[in-house]
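A short write-up of the structure that comes next.
2 protein chains.
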Amino acid sequence: MIEPDELPPPTPAVAAVLKANERFYQAIETADLDLMREVWVPPEVGEAAAHCVHPGQAAVHGVGKILRSWALVLARMSYLQFFLTDVRVVLIEAVAVVTCVENILSNLPGDEAGQAGFAGSHYEAVNVYRRESDGGWRLLAHSSAPVFPTSTESTDAE
Amino acid sequence: MIEPDELPPPTPAVAAVLKANERFYQAIETADLDLMREVWVPPEVGEAAAHCVHPGQAAVHGVGKILRSWALVLARMSYLQFFLTDVRVVLIEAVAVVTCVENILSNLPGDEAGQAGFAGSHYEAVNVYRRESDGGWRLLAHSSAPVFPTSTESTDAE
Chain A
352 MIEPDELPPP
362 TPAVAAVLKA
372 NERFYQAIET
382 ADLDLMREVW
392 VPPEVGEAAA
402 HCVHPGQAAV
412 HGVGKILRSW
422 ALVLARMSYL
432 QFFLTDVRVV
442 LIEAVAVVTC
452 VENILSNLPG
462 DEAGQAGFAG
472 SHYEAVNVYR
482 RESDGGWRLL
492 AHSSAPVFPT
502 STESTDAE
Chain B
352 MIEPDELPPP
362 TPAVAAVLKA
372 NERFYQAIET
382 ADLDLMREVW
392 VPPEVGEAAA
402 HCVHPGQAAV
412 HGVGKILRSW
422 ALVLARMSYL
432 QFFLTDVRVV
442 LIEAVAVVTC
452 VENILSNLPG
462 DEAGQAGFAG
472 SHYEAVNVYR
482 RESDGGWRLL
492 AHSSAPVFPT
502 STESTDAE
């Protein structure tokens, strides 16, 4: 487990995984579907195995459907910014499990100019990367789970 | 990727992963904390790397804290039943990524006898298992993301 802000420079493998993870969020922020395609495992792997959970949604399976789902998400968003915190990497052979908190600042649907203000929200992400034969890390599974604002132990009083 | 209901008998490795996944949900259903401890990676691995996201909550890190969080969850639940659907296994060397839909039937908080009826809910789970040196599969990361009832493309009309 590596927390980049606290530890010495990561190993080359961890650095490569963190770079892949940054590219994933860059693809979302810049609505770059070509980059998004490069981020995910190639179709011959991903058509069967790739898995994506958008917040609050049922899972999408297969790279083709996943990219279409991202096209829909990105088309709806005119402003979306990620601040990742608590980024952790667990490396096991050809697999990297990255967990992080996605702190998202976005405009509201239908409010292109952000005139109604911006919405802040938090999601717990699990991103599983696979090392391909060329040494590159590609996204195999992504899950983003909403964190409810009321969830900070407020139910302890029950 | 294996969907147990559709395909011929899984390979021994996939069968072992599915068995480990069943034990995890059995530990929840039977509120068996000893079994829950056996399900997760051992402390020497899991104190740093283990990761658990309960629905709507911020992530819990480290096996010790994770087991305490489960103790809290299980203490609150007097009835909880899982029906797993769309169980998929991706095996990569010593890592197994299991995704499934958790269909949960539970009583309502404070209603031990279920007199107020039961609540049905759906969660997208990602469970990452690691093969230990003894060949057993242990849970390294669990994330359960709520699926909102209104999420079935109802926003397409925007």
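Line order of the protein sequences matches chains A and B. Heads up, my numbering is the position in the first sequence plus 351, with the first residue counted as 1. Heads up, my numbering is the position in the second sequence plus 351, with the first residue counted as 1. The C-beta atom is built at its ideal place from N, Cα and C for all residues, glycine as well.
- Listed in chain order, the beta strand (DSSP E) runs fully inside the segment 384-447 of chain A are 402-404 and 431-443, counting runs of at least 3 residues.
- At least one CB atom of chain B sits nearer than 8 angstroms to the CB of Ala-409(A).
- Judged by their CB atoms, Pro-497(A) and Gly-407(B) are nearer to each other than the 8 angstroms cut-off.
- Cβ contact annotation for Val-396(A) (same chain, cutoff 7 angstroms, sequence separation greater than five): none.
- Nearest in C-alpha terms to Ala-400(A), of all of Glu-483(B), Val-438(B), Ala-410(B) and Val-368(B), is Val-438(B).
- If you ignore the 5 residues before and after Gly-413(B), its C-beta comes within less than 8 angstroms of the C-beta of Gly-397, Glu-398, Ala-399 and Ala-401, all in its own chain and listed in chain order.
- Under the 8 angstroms criterion on CB atoms, Arg-419(A) is classed as non-interfacial with respect to chain B.
- Shown here, Val-368(A) sits in a helix according to DSSP, grouped into three states.
- Relative to the Cα of Ala-447(B), the nearest Cα in the group Ala-492(B), Ala-409(B), Val-411(B) and Phe-469(B) belongs to Ala-492(B).
- In the DSSP assignment, the residues bridged to Ala-492(B) are His-402(B) and Val-479(B).
- Contact with chain A is found for Ala-400(B), since one of that chain's Cβ atoms lies less than 8 angstroms from the residue's Cβ.
- Any Cβ of chain A closer than 8 angstroms to the Cβ of Ala-422(B) would place that residue at the interface, and such an atom is absent.
- When secondary structure is reduced to three states using DSSP, Pro-497(A) falls in the strand class.
- When C-beta distances to chain B are compared with 8 angstroms, the residues of the segment 426-458 of chain A below that value are Arg-427, Asp-437, Arg-439, Val-441, Ile-443, Glu-444, Ala-445, Val-446, Val-448, Thr-450 and Val-452, in chain order.
- For Val-404(B), at least one C-beta of chain A is nearer than 8 angstroms to its own C-beta.
- Going by beta carbons, Leu-431(A) and Ser-457(A) fall inside the 8 angstroms limit.
- Taking a C-beta distance under 8 angstroms as the contact criterion, Ala-445(A) and Glu-444(B) qualify as a contact pair.
- One thing to note: Asn-372(A) has its Cβ within 8 angstroms of the Cβ of Asn-478(A).
- Of the candidates Ile-417(A), Ser-429(A) and Trp-488(A), Ser-429(A) places its Cα closest to the Cα of Ala-470(A).
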